[in-house]
Amino acid sequence: MGEKEIEKGDSSSGDSARPWQSYHTVYTNAKPGMDGVDKEKVQRIVYEMSKGSKYFENEQRKEAFTRQKIESMRAQCAKLTAADISHYQTMANKQISELEGTRDLSRVWLHVDMDAFYAAVETLSNPLLKGKPMAVGSMSMISTANYEARRFGVRAAMPGFIARKLCPELIFVPTDFKKYTYFSDLTRKVFHKYDPNFMATSLDEAFLDITDICKERVINSGEIAEELRTTVYEETGLTCSAGVGPNRLLAKVCSDINKPNGQFVLPNDWMAVMTFISSLPIRKIGGIGKVTEHILRDVFGINTCEDMLQKGGFVCALFSHSTAEFFLSVGLGLGKTDTPQVKLRKSISNERTFAATGDEALLHQKLCDLADMLSADMQKEGLSGRTLTLKLKTSSFEVRTRAMTLQQYICSSEDILKYASNLLKAELPVSLRLIGLRLSQFNEDKVGAPSDTTQKTLTDFLLSRDTSRKLGGRNGSLGAIIDDHRFMNDTETDFPIDSHEIYGYNGKDLLDSNHLPYLNDNNHAISNKAGEMGKIHEPLNNETANETNLPEPKSHQNAVSELLEADSSSVPFTCSSLDEENKRANLLDDEAVSTSNQSELLMWVNDYKCSLCGIELPPSFVEERQEHFDFHLAERLQKEESLYDTRTIKQRHRFSQKDNVASQSKRKKQKTCPKDKGRIPIDAFFVKSSKNF
DNA sequence: GGGCCGCAAACCA
DNA sequence: TTCCATGGTTTGCGGCCC
1 MGEKEIEKGD SSSGDSARPW QSYHTVYTNA KPGMDGVDKE KVQRIVYEMS
51 KGSKYFENEQ RKEAFTRQKI ESMRAQCAKL TAADISHYQT MANKQISELE
101 GTRDLSRVWL HVDMDAFYAA VETLSNPLLK GKPMAVGSMS MISTANYEAR
151 RFGVRAAMPG FIARKLCPEL IFVPTDFKKY TYFSDLTRKV FHKYDPNFMA
201 TSLDEAFLDI TDICKERVIN SGEIAEELRT TVYEETGLTC SAGVGPNRLL
251 AKVCSDINKP NGQFVLPNDW MAVMTFISSL PIRKIGGIGK VTEHILRDVF
301 GINTCEDMLQ KGGFVCALFS HSTAEFFLSV GLGLGKTDTP QVKLRKSISN
351 ERTFAATGDE ALLHQKLCDL ADMLSADMQK EGLSGRTLTL KLKTSSFEVR
401 TRAMTLQQYI CSSEDILKYA SNLLKAELPV SLRLIGLRLS QFNEDKVGAP
451 SDTTQKTLTD FLLSRDTSRK LGGRNGSLGA IIDDHRFMND TETDFPIDSH
501 EIYGYNGKDL LDSNHLPYLN DNNHAISNKA GEMGKIHEPL NNETANETNL
551 PEPKSHQNAV SELLEADSSS VPFTCSSLDE ENKRANLLDD EAVSTSNQSE
601 LLMWVNDYKC SLCGIELPPS FVEERQEHFD FHLAERLQKE ESLYDTRTIK
651 QRHRFSQKDN VASQSKRKKQ KTCPKDKGRI PIDAFFVKSS KNF
């Protein structure tokens, strides 16, 4: 079977009566709702629509590179002696038995996946779309297609113009993330009832550890899944699919089996797992994508998870230790069973695609816009970074990155633009269709830290004035309150924190009106997050007090009508995050600061010049001066919060970080382990540790 | 020569 | 006419330092 596939792959380079068969796209993979699709026809149309384009040429280049990699690995395989193979097989067996020893069948995980989420939400908002082929996205790119459209071969990540060729009646609906976020929040309220620590991996997917609730209610996992799906439907009008398994990797695979609107339960039983995994195609595993599948199939003839174990010796021979370990664990059906702790974000980026141009003035303008956007995001999060990465996509779709690490941490658009311009200049002349900017290496320890350690921080100052009483937190300190609401997933916090969603919920929503959910008639935020905001402000702002128990839509009709009534104009929090900060600063200012010693923050040098930033404002500019003071106060507050955030997290995760460091250095040691020498590493076999499975 | 850091590229969801 | 945006992760490689 593997050989046959290799033949097929090899034929791609030669002339053929069916050249489209050699154009490997992701569009012909088996996907729920795509049964009965004429795959050959889809492949031919995709090929014909793409042929000759720059995108197509770049895809050909990439594929040629993969083929080269495959050839090189085959050559390495061929060089292995019988003794080598025996050695690596022993190594694989040992690793398999060690991995088997780590198997944990004590937890029950449930993966929920909303069915064609964006498309379903759009249909809910506009019932006229029901039963018609429809795609959410644009002529350039489709985000989701409904099941009617999938029957034509239309699917997510496909360019709209190809989709229209496949299905001329296809209706295009533009994306509306506010809508999706709103419905996502409704689903999460349901998830929270089953697992307060559930892990959302995107707007439409989540993992729940249902071990405890199954025990408490003496009910089996299938019944829980059934009940959860019914509740989600009652609350939102949307259907979802569920998978239950002993770990997240398996639960995710299971949720795909009876999609849409179905579920599959894999019992926590060794034999059941091994039987299930034995014939499972490797592509079903999260983390194994098009390229990995291609390589494993064409080099080793690995098609199913079971093959991973059978070819374990070769896998150990040719891949790095961590990569081989992942592949072998896939063969055993192992996955994560713990609930991971909070992860800090490591970078912030912005990128934009535009009509390809080599016009330097235009490119510079794009860079300016991106620098502004990135700076705004950085300041919203209260972060500074010292590694700036410029990403470019040329008009021929070649992607380049250019990075520089600075001595100092930056976040202002001026600084970002200054360094980004230098990076871009070095690439000119060039015709580009995308520019991106990314900042990383954040200053966790330095954000908001006072330069003079003897100087009180603003938080100290506020706390020293018995702010804790005013803030009314049960822990009695601002730091504790911030800590609780952002990082504790306790009864006051409906939403989980995970590597994906922490940004949406814990960084932005707190202060960013643009991320606030829909509001009801009384301008009461429906989402619990807004409730948290109310809590935080409660002692300071009566308007938002007592809004923590916000109305839940009783049915999806309510949800829809609220949604339809609520357009952006009805959202009261329309000010920028900085304005929001200023409001907070003003409130704090009224309570604690304005009557006091402002010089803790800034002084007017010679009664004219700001001691912090140097801006000059005459004494007669009273209002402007106050605004300026407010600005610095807000800035300071934001930094203080960030400091608490990072410190708190650091304290909580000191041990896990140590573990990480240990494992990293272990990996580095492994890299140079003599046994690893001679193995061919390939670029992308890393994915397992990036996943939450 | 090993450890560490930074850069560039690639893959994946 | 037209092929996204964002963020995480791994890996190889090269430079620097001890």
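First residue of the first sequence: 1, per the UniProt record's numbering; consecutive thereafter.
Heads up, the beta-carbon is just placed ideally off N, CA and C, and yes, glycines get one too.
For residue i, which residues of its own chain have a beta-carbon under 8 Å away from its beta-carbon, when the five flanking residues on both sides are left out?
i, result
"ALA426", "ARG402"
"THR102", "LEU334"
"ASN261", "ASP115, ARG229, THR239, CYS240, SER241"
"ILE96", "LEU309, GLY312, LEU328, GLY331, LEU332"
Please list, in chain order, all residues of the same chain as residue i whose beta carbon is under 7 Å from its beta carbon, the five residues on each side excluded.
i, result
"THR353", "ARG433, LEU434"
"ASP204", "ASP113, MET114, PHE117, SER184"
"ASP372", "SER413"
"THR231", "VAL190"
"residue 706", "Summary: the structure shown does not reach residue 706, with the chain confined to residues 1 through 693, and so no result is reported for it."
Which residue marks the beginning of the beta strand (DSSP E) containing residue i, and which one marks its end?
i, result
"GLY101", "From DSSP, GLY101 is part of no beta strand (DSSP E) but of the alpha helix (DSSP H) over 82–101."
"LYS336", "Element bounds for LYS336: n/a, residue is neither H nor E."
"LEU110", "109–114"
"PHE442", "432–442"
"ILE171", "171–173"
"ALA135", "134–137"
"ASP359", "From DSSP, ASP359 is part of no beta strand (DSSP E); its letter is neither H nor E."
"GLY207", "In the sequence on display, residue 207 carries Phe and not Gly. Counting along the chain, the beta strand (DSSP E) containing PHE207 begins and ends at 205–209."
"LEU388", "385–394"
"LEU406", "399–410"
From residue i to residue j, what does the alpha carbon distance come to, in whole angstroms?
i, j, result
"ASP484", "ALA225", "Note that ASP484 scores a pLDDT of 26, beneath 50, so its modelled location is shaky; the value from the coordinates is reported in the next line. Looking at the two C-alpha atoms, the distance is approximately 30 Å."
"ASN146", "LYS259", "13 Å"
"GLY312", "GLU100", "14 Å"
"PHE397", "GLY137", "21 Å"
"PRO246", "SER395", "47 Å"
"SER279", "ARG400", "39 Å"
"ALA163", "SER320", "40 Å"
"LEU166", "GLU48", "11 Å"
"GLN60", "LYS41", "20 Å"
"GLU71", "ASP298", "9 Å"
"GLY9", "PHE327", "Only weak support exists for where GLY9 lies, its pLDDT of 35 falling under 50; the coordinates are left without a value."
"LEU110", "LYS380", "34 Å"
"GLN263", "LYS418", "53 Å"
"GLY436", "SER202", "22 Å"
"PRO281", "LEU249", "14 Å"
"LEU424", "LYS54", "22 Å"
"PHE161", "PRO168", "10 Å"
Residue i and residue j look like a contact to me (Cβ under 8 Å); what is the Cβ gap, rounded to whole Å?
i, j, result
"ALA120", "LEU228", "About 17 Å; that fails the 8 Å criterion."
"LEU374", "ILE348", "7 Å"
"SER440", "LYS343", "Wrong, their Cβ atoms sit about 14 Å apart, outside the cutoff."
"TYR233", "ILE210", "So it is not a contact: roughly 18 Å between Cβ atoms."
Give the range of the alpha helix (DSSP H) segment to which residue i is assigned.
i, result
"ASN422", "413–425"
"ARG229", "221–236"
"ALA163", "160–166"
"GLU148", "147–150"
"SER78", "Looking at the sequence itself, residue 78 is Ala, so the reference to Ser does not match. 54–79 is the span of the alpha helix (DSSP H), which, as asked, contains ALA78."
"THR123", "117–125"
"MET271", "270–278"
"THR187", "177–194"
"MET308", "305–310"
Ignore the nearest five residues each way along the sequence and tell me which others in residue i's own chain have a CB closer than 6 Å to its CB.
i, result
"PHE442", "LEU383, GLY385"
"THR292", "none"
"PHE276", "LEU266"
"ASP104", "THR337"
"LYS393", "VAL399, ARG433, LEU434"
"ILE85", "GLY313"
"ASN268", "LEU105, PRO246"
"LEU57", "It is Glu, not Leu, that sits at residue 57 in the sequence shown. Around GLU57: no qualifying Cβ."
"SER50", "PHE56"
"GLY331", "CYS305, MET308, LEU309"
"SER255", "HIS111, ASP113, SER241, ALA242, GLY243"
"ARG584", "The predicted position of ARG584 is uncertain, since its pLDDT is 35 and thus under 50; a value taken from the coordinates is nonetheless stated next. Nothing listed; no residue qualifies."
Open item on the list: Within 8 Å, do at least three Cβ pairs link the region 302–310 to the region 69–78?
Closed with: no
Open item on the list: When you compare the region 364–384 with the region 286–302, are there three or more beta-carbon pairs, one atom per stretch, that lie closer than 8 Å?
Closed with: no
Open item on the list: So, does the region 124–142 touch the region 168–184, judging by three or more C-beta pairs under 8 Å?
Closed with: Yes, the region 124–142 touches the region 168–184.
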